[in-house]
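Trainee: Below are the structure tokens for one structure; questions will follow.
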Ligand SMILES: C[S@@+](CC[C@H](N)C(=O)[O-])C[C@H]1O[C@@H](n2cnc3c(N)ncnc32)[C@H](O)[C@@H]1O
Ligand SMILES: Nc1nc2[nH]cc(C(=O)O)c2c(=O)[nH]1
Ligand code: SF4
Ligand SMILES: [Mg+2]
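Residue numbers (UniProt numbering): 1 to 215.
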């Protein structure tokens with residue numbers, strides 16, 4: 001029996017988020033998530049999907065001849081075979097990132113992967129799932145993200161930034177407005193007013209292609 005993963009989609013697009021925003025990237029979206037963030041834009045990946053072998057997924061990725069590959073979901077780390085997938089993508093020579101909720105242990109992820117770890121804000125309604133032990137594991141190759149729904153979420157994110165010295169632990173601290181919940185301009189004004197050491201992140205793909213799956 002070969003190693004398999006349940007996959008919602010594999011597609012080639014522009015990275016809409018994080019430090020590689022704007023760069024052509026292959027996305028591998030794994031099916032299933034144990035969380036239910038209030039704002040989730042990928043709820044179509046909670047169920048369904050297709051069981052595929054790692055070799056089959058790697059072959060499709062290779063067909064795009066990408067430099068960047070992003071493993072996302074759903075929650076990738078909810079499937080144990082996400083770990084060998086990430087390693088094999090690195091071995092194949094891609095620059096690999098992982099989008100993860102921060103609710104599961106990130107320690108087994110290949111160190112070549114840039115782990116994009118969400119710290120779930122109160123506005124997500126899933127903040128009680130944050131696994132704060134993950135913060136100790138972050139390196140300069142990793143990124144921490146806050147998806148911010150309100151001024152209260154902004155103040156909460158700012159307090160975590162200070163409490164854990166996140167800008168010194170991770171290569172990037174990303175503040176992203178929750179699409180539909182918060183005006184990006186308000187968040188931009190708050191970041192400037194407070195002179196925060198964070199990067200405002202907009203979801204580029206939503207400006208380009210709205211909320212279409214597979215973009
Ligand atoms: C769909 S999740 C999949 C990976 C993982 N489950 C997680 O939450 O990081 C990918 C990224 O999209 C973000 N996201 C989801 N819905 C969003 C929304 N409405 N506005 C802004 N970011 C959103 C998540 O917070 C996460 O950083
Ligand atoms: N273009 C594009 N960029 C993305 N970056 C992270 C995504 C995600 O859903 O995790 C995503 C996505 O769904 N599309
Ligand atoms: S953890 Fe990620 S995929 Fe799961 S509900 Fe939250 S945003 Fe959606
Ligand atoms: Mg998305």
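Yeah, the Cβ is synthetic: ideal placement off N, Cα and C, and Gly gets one too. If you're wondering where the values come from, they're calculated on a predicted model, not measured in any experiment.
Could you tell me whether any non-hydrogen atom of ligand 1 is closer than 7 Å to the CB of residue 68?
Mentor: Incorrect: residue 68 has no Cβ contact closer than 7 Å to ligand 1.
Trainee: Ligand 3 and residue 36: does the residue's C-beta get closer than 7 Å to at least one heavy atom of that ligand?
Mentor: Yes, the beta carbon of residue 36 sits closer than 7 Å to at least one heavy atom of ligand 3.
Trainee: Which two residues bound the contiguous beta strand (DSSP E) that contains residue 117?
Mentor: Note, residue 117: beta strand (DSSP E), 114-118.
Trainee: What's the call for residue 65, buried or exposed, on a 16-neighbour Cβ count within 10 Å?
Mentor: Result: exposed.
Trainee: Quick one: grab the DSSP three-state call for residue 26.
Mentor: Note: residue 26 maps to strand in three-state DSSP.
Trainee: Of the residues 37, 17, 22, which one's Cα is nearest the Cα of residue 127?
Mentor: Taking only the C-alpha atoms, the option nearest residue 127 is 37.
Trainee: Would you call the region 169-184 and the region 27-35 touching, i.e. three or more CB-CB distances under 8 Å?
Mentor: The answer is no - the region 27-35 does not touch the region 169-184, with fewer than three Cβ pairs under 8 Å.
Trainee: Quick one: is residue 99 buried, meaning 16 or more other Cβ sit within 10 Å of its Cβ, or exposed?
Mentor: That one is buried.
Trainee: Is the distance from the Cβ of residue 8 to the Cβ of residue 51 below 8 Å?
Mentor: In this structure, residue 51 does not lie closer than 8 Å to residue 8 by Cβ.
Trainee: Taking only heavy atoms of ligand 3 into account, decide whether any of them is closer than 7 Å to the Cβ of residue 33.
Mentor: Yes, the Cβ of residue 33 comes within 7 Å of a heavy atom of ligand 3.
Trainee: Can you round the beta-carbon distance between residue 101 and residue 114 to whole angstroms, since I take them to be within the 8 Å contact cut?
Mentor: Not really, about 16 Å apart at Cβ, beyond 8 Å.
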